[in-house]
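**Student:** Protein sequences appear in the order of chains A and B.
Everything in the first sequence is counted per my numbering, starting at 666 for the first residue and increasing by one.
Everything in the second sequence is counted per my numbering, starting at 391 for the first residue and increasing by one.
The beta carbon of each residue, even a glycine, is placed where N, CA and C say it ideally should be.
Bear in mind that the values here come from a model prediction, so they are computed numbers and not experimental data.
Dropping the structure in here first, questions after.
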Amino acid sequence: DAMVIQNPRYQVTQFGKPVTLSCSQTLNHNVMYWYQQKSSQAPKLLFHYYDKDFNNEADTPDNFQSRRPNTSFCFLDIRSPGLGDAAMYLCATSRSKADTQYFGPGTRLTVL
Amino acid sequence: QKEVEQNSGPLSVPEGAIASLNCTYSDRGSQSFFWYRQYSGKSPELIMSIYSNGDKEDGRFTAQLNKASQYVSLLIRDSQPSDSATYLCAVYPGTYKYIFGTGTRLKVLA
């Protein structure tokens, strides 16, 4: 089945220790998104790629970076995680910006 | 500021009843509308998409869109305890990203 895969599903890191979260897709979608979701809140868009065109939300902290080396993979790097970065990180893909977004299972990040 | 508003709930309904979830949006030019179901600790799962005024049915789910009144609703017939989840409304206003509501928590009581 075509799908969106995220690894790891759970990530524990220490304050200030860099982490990388990965997302891969077999849907061959052009657009990939990274969201941050905290408890009882709406998903908050951090970045999106339209093909190789990178778009950063204005309020995404500089601490967060992203890479998309090819159509199938996208990475979220958190350079110096703080306690406030503990959240669920969701990757989503869509065929175009107006189309349905399909979410991966998410990575739950804990910062100690 | 484009906004999507949902009642946070919880909305409690007895098993077998109809659950009605509502969502209003501020951008009159919005083009696409989506309902996602999110179980606690899981990622959002698409339930329905709707693009034009009227009703769209898929099994026990019916989405209703009224662009003049700027609302979209989701009806769940014959509600089951397994339907207990948070339901997120998402609106695509024609820019580049969805605007999500904060979700309505539904509890179906057995």
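Under 8 angstroms, with one C-beta from each stretch per pair, do the stretch 415 to 423 of chain B and the stretch 476 to 489 of chain B reach the 3-pair mark?
**Tutor:** In short, these stretches touch, since the Cβ pair count reaches three.
**Student:** Leaving aside the five residues before and after R495 (chain B) along the sequence, list all residues of the same chain whose C-beta is less than 6 angstroms from its C-beta, in chain order.
**Tutor:** Counting only Cβ-Cβ distances below 6 angstroms, and skipping sequence neighbours, we find G399, P400, T476.
**Student:** Helix, strand or coil: which one does DSSP assign to D750 (chain A)?
**Tutor:** It is helical.
**Student:** Could you round the C-beta distance between K487 (chain B) and H713 (chain A) to whole angstroms and report it? I think they count as a contact, below 8 angstroms.
**Tutor:** Rounded, the Cβ-Cβ distance is 7 angstroms, consistent with contact.
**Student:** Using Cβ-Cβ distances below 9 angstroms, what residues of the stretch 713 to 743 of chain A are close to chain B?
**Tutor:** Cβ contacts with chain B: H713, Y715, N720, E722.
**Student:** For chain A, find out if any of its Cβ atoms is closer than 8 angstroms to the Cβ of P483 (chain B); answer yes or no.
**Tutor:** No, P483 (chain B) does not count as interfacial toward chain A.
**Student:** Alpha carbon to alpha carbon, how far is H694 (chain A) from K703 (chain A)?
**Tutor:** Whole-angstrom Cα-Cα distance: 26 angstroms.
**Student:** Taking just the CA atoms, how far does L411 (chain B) sit from R733 (chain A)?
**Tutor:** For R733 (chain A) and L411 (chain B), the distance between alpha carbons rounds to 37 angstroms.
**Student:** Counting beta carbon pairs with one atom in the stretch 736 to 752 of chain A and one in the stretch 462 to 473 of chain B, are three or more of them shorter than 8 angstroms?
**Tutor:** Counting Cβ pairs under 8 angstroms, fewer than three are found: no touch.
**Student:** Using 10 angstroms around the beta-carbon of V684 (chain A), count the other beta-carbons present and answer buried if the total reaches 16, otherwise exposed.
**Tutor:** Looking at its Cβ environment, which holds 16 or more other Cβ atoms inside 10 Å, V684 (chain A) is buried.
**Student:** Return the CA-CA distance between A723 (chain A) and K709 (chain A), expressed in angstroms with no decimal places.
**Tutor:** Cα-Cα distance, rounded: 12 angstroms.
**Student:** Going by C-alpha distance, which of B:Q460, B:S459, B:G444 is nearest A453 (chain B)?
**Tutor:** Among B:Q460, B:S459, B:G444, the Cα nearest to that of A453 (chain B) is on B:G444.
**Student:** With DSSP as the reference, please indicate the residues paired to M668 (chain A) in a beta bridge.
**Tutor:** Per DSSP, none; premise fails for M668 (chain A).
**Student:** Between the Cα of Q730 (chain A) and the Cα atoms of A:P673, A:L741, A:S737, A:N720, which residue gives the shortest distance?
**Tutor:** The shortest Cα separation from Q730 (chain A) among A:P673, A:L741, A:S737, A:N720 belongs to A:L741.
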